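Undergrad:
There are 2 protein chains.
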Amino acid sequence: MSPKRERIDPMGTKRKGILFVISAPSGAGKTTLIGRVVRVLQGLSLSVSCTTRRPRPGEVHGKDYFFISMEEFQDMADKKMLLEWAMVHGMLYGTPASNLKVLDEGDDLVLDIDTQGATLIKRQIPDGVFIYIMPPSLKTLEDRLRARGGDSEEAVAIRLRNAEKELDHAGWYDYIIINKDIDEASKALQSIIIAERSRAHRVLAS
Amino acid sequence: MSPKRERIDPMGTKRKGILFVISAPSGAGKTTLIGRVVRVLQGLSLSVSCTTRRPRPGEVHGKDYFFISMEEFQDMADKKMLLEWAMVHGMLYGTPASNLKVLDEGDDLVLDIDTQGATLIKRQIPDGVFIYIMPPSLKTLEDRLRARGGDSEEAVAIRLRNAEKELDHAGWYDYIIINKDIDEASKALQSIIIAERSRAHRVLAS
Chain A
109 MSPKRERIDP MGTKRKGILF VISAPSGAGK TTLIGRVVRV LQGLSLSVSC
159 TTRRPRPGEV HGKDYFFISM EEFQDMADKK MLLEWAMVHG MLYGTPASNL
209 KVLDEGDDLV LDIDTQGATL IKRQIPDGVF IYIMPPSLKT LEDRLRARGG
259 DSEEAVAIRL RNAEKELDHA GWYDYIIINK DIDEASKALQ SIIIAERSRA
309 HRVLAS
Chain B
109 MSPKRERIDP MGTKRKGILF VISAPSGAGK TTLIGRVVRV LQGLSLSVSC
159 TTRRPRPGEV HGKDYFFISM EEFQDMADKK MLLEWAMVHG MLYGTPASNL
209 KVLDEGDDLV LDIDTQGATL IKRQIPDGVF IYIMPPSLKT LEDRLRARGG
259 DSEEAVAIRL RNAEKELDHA GWYDYIIINK DIDEASKALQ SIIIAERSRA
309 HRVLAS
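Chains A and B, in that order, give the protein sequences. Taking the numbering used here, the leading residue of the first sequence gets 109, the next gets one more, and so forth. Taking the numbering used here, the leading residue of the second sequence gets 109, the next gets one more, and so forth.
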């Protein structure tokens, strides 16, 4: 998480942060890539989602997700405190609307979200930048899912079927990163974020 | 200049090179930035233009420009061997159409060209990526032009007036890099090139 600060754009007006929405089938290496880029780049933080699924080993509440109960989730949805929410693999995931506040402070934000959620975000924030991370092949994806552990054979099979469906959505995104090599994919993701900060309409916006 | 090679894209089809068109008022640091990025990045070469202007100290024929006579220039124009040409500061500059061949070989190409030429290229190659480099201010530009030397007071005045006019075109470009710091501007330019290689329509193109 980068330190908060006032940021002035080159035209002398206050900069509006950019929303980067990143999707991938599970096992494509998305979490590792996002972790790296948020550590390396200044002025970029990660939106922490709420979920009703249970933490995997090593996951930390408030850092990886806000792990909340079905009742708490329902309550947030009722109070319109979620920008979007969706059911994935039978569990609920949602984005707290308050996470977007950093954009007004001039910081960029990364949303790690499935394709279904991404389309909902796109409707609300069309100026967002949509990035899709792909495994080099479904075979590689399967190997990675097994290596990660924590999923049953049945869960792996469900994830693979969903991954196949997700791949159809890739063309809808602004960018596609094929994660063959983690260093190269990481460089591509960083480059996209730095490049988008130089987009003419953003540099000239006042 | 990077070594020629077959390049296969991640979808298994042959990659088509990307054309990067870069403009700037003289003195914005464009030549230095382009020199760096072409040295650092693989699969990227620089299009060498023809000009009727005389070489500045240190400029090399065939590397910086093809320095040719008015008659030779006229002959190339007549034979449709120039993709575009234009008069800038009273001298002729043109892009040999044959320079684009590297794109078919899967390599990316940088065109260093004024805004007038860039609009002509845009009409012919709409999929090109258009980048504008700006000096942080006209004052800085003036200082740089004088520090570079080789221009008379009158020439500096003409370049400054042209620069002011050129700045109006900046919004038409895809990206704007404000060259306040050469390292940061260099990183932005590299990032744009790497990011554009991950554009969804390019990754999915077959």
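Where a beta carbon is used, it is the ideal one built from N, C-alpha and C, also for glycine. Keep in mind the model is a prediction, meaning the values are calculated, not measured.
1. Under a CB-based cut-off of 7 Å, is B/Leu312 close to chain A?
2. What does DSSP give as the partner residue(s) for A/Tyr385 in the beta ladder?
3. Hey, quick one: how far does the beta strand (DSSP E) through A/Ser131 stretch, first residue to last?
4. Is B/Gly279 close to chain A, meaning its C-beta is less than 7 Å from at least one C-beta of that chain?
5. What residue range is occupied by the uninterrupted alpha helix (DSSP H) comprising A/Met178?
6. Excluding the 5 residues flanking A/Arg161 on each side, which residues of the same chain have their C-beta closer than 7 Å to its C-beta?
7. How about A/Ile221 and B/Val311: are their beta carbons less than 7 Å apart?
8. Short of 6 Å in beta carbon distance, which residues of its chain neighbour B/Ile241, apart from the five on each side in sequence? Order them along the chain.
9. Alpha carbon to alpha carbon, how far is B/Gly258 from B/Arg307? Give it in angstroms, no decimals.
10. Strictly under 7 Å for the Cβ-Cβ distance: is A/Ser110 near chain B by that measure?
11. Nearest by alpha-carbon distance to A/Gln298: which of A/Arg123, A/Leu191, A/Thr140 is it?
12. Nearest to A/Arg252 by CA position, among A/Ala296, A/Ile290, A/Ile301, A/Lys187, is which residue?
13. Rounding to the nearest angstrom, what Cα-Cα distance links A/Ala313 and A/Glu179 in this structure?
14. Quick check on the DSSP output: the alpha helix (DSSP H) that includes B/Ile142 runs from which residue to which?
15. Is there a Cβ from chain A that is less than 7 Å from the Cβ of B/Ala293?
16. Which residues in chain A have a C-beta closer than 8 Å to the C-beta of B/Arg161? List them in chain order.
17. Let me confirm a value: B/Gly225 is counted as buried when at least 16 other C-beta atoms fall within 10 Å, else exposed. Which label applies?
18. Name the chain A residues whose beta carbon is nearer than 9 Å to that of B/Asp285?
19. Quick check on A/Ala226 - is its C-beta less than 7 Å from some C-beta in chain B?
20. As an exercise, report each continuous beta strand (DSSP E) stretch of at least 3 residues that is fully enclosed by the segment 214 to 253 of chain A, in chain order.
21. Let me check one thing: in DSSP terms, what residues is A/Gly279 bridge-paired to?
22. Beta carbon of A/Thr219, beta carbon of A/Val156: below 7 Å?
23. Does the Cβ of A/Arg123 have 16 or more other Cβ atoms within 10 Å, making it buried, or fewer, making it exposed?
24. If distances are taken between C-alpha atoms only, which option among B/Tyr281, B/Leu228, B/Glu167, B/Arg256 comes closest to B/Ile239?
25. Can you list, in chain order, the residues of its chain with a C-beta nearer than 6 Å to that of B/Asn207? Leave out the 5 residues immediately preceding and following it.
26. Reducing DSSP to helix, strand and coil, say where B/Arg113 ends up.
27. Considering only residues of the same chain and omitting the five flanking positions on each side of A/Leu319, which have a CB-CB separation below 8 Å?
28. Return yes when the Cβ of A/Glu192 is within less than 7 Å of the Cβ of A/Thr203, no when it is not.
29. The segment 228 to 262 of chain A: which residues have C-beta closer than 9 Å to a C-beta of chain E, in chain order?
30. Relative to the alpha-carbon of A/Asn270, which residue among A/Ala255, A/Gly279, A/Glu250 has its alpha-carbon at the smallest distance?
31. For B/Ser131, return the contacting residues in chain A, with the cut-off set at a CB-CB distance below 8 Å.
32. What does a CB cutoff of less than 8 Å around A/His197 pick up in its chain, not counting 5 residues either side in sequence?
33. Do we get a CB-CB distance below 7 Å when we pair A/Ala271 with the residues of chain B?
34. Compare the beta carbon distance of A/Arg303 and B/Ile300 with 7 Å and say whether it is the shorter of the two.
35. Check whether the Cβ atoms of B/Glu165 and B/Phe175 lie closer than 7 Å to each other.
36. Does any residue of chain B have a CB that is nearer than 7 Å to the CB of A/Ile126?
TA: The answer reads as follows:
1. yes
2. Here chain A has residues from 109 to 314 only, and residue 385 of chain A is not among them.
3. 127 to 131
4. yes
5. 178 to 186
6. Met199
7. no
8. Ala132, Ala136, Lys138, Ile285, Asn287
9. 41 Å
10. Caution is warranted here: a pLDDT of 43 is assigned to A/Ser110, below 50, making its placement in the model unreliable, and no coordinate value can be reported.
11. A/Thr140
12. A/Ile290
13. 42 Å
14. 138 to 148
15. no
16. Those within 8 Å of B/Arg161 in chain A number zero; the least Cβ separation is about 29 Å.
17. buried
18. Residue 285 of chain B is actually Ile in this sequence, not Asp. Ordered by position in chain A, the residues that pass the 9 Å Cβ test against B/Ile285 are Ser306, Val311.
19. no
20. 216 to 220, 237 to 242
21. DSSP output for A/Gly279 lists no bridge partner at all.
22. What sits at residue 219 of chain A in the sequence shown is Leu, not Thr. Their beta carbons are not under 7 Å apart, which means A/Leu219 does not touch A/Val156 by this criterion.
23. buried
24. B/Tyr281
25. Ser155
26. Residue placement at B/Arg113 cannot be trusted, given a pLDDT of 43 that sits under 50; the coordinates are not used to answer.
27. Nothing in the structure corresponds to residue 319 of chain A, since chain A is present only between 109 and 314.
28. yes
29. Any reference to chain E falls outside this structure, whose protein chains are A and B.
30. A/Glu250
31. Simply none; closest approach about 12 Å.
32. Arg161, Ala263, Ile266, Arg267, Asn270
33. no
34. Strictly speaking, residue 303 of chain A in this sequence is Ala, with Arg absent from that position. For A/Ala303 and B/Ile300, yes; Cβs fall inside 7 Å.
35. Per the sequence presented here, residue 165 of chain B reads as Pro, with Glu not at that position. Not a contact, by the Cβ cut-off of 7 Å.
36. no
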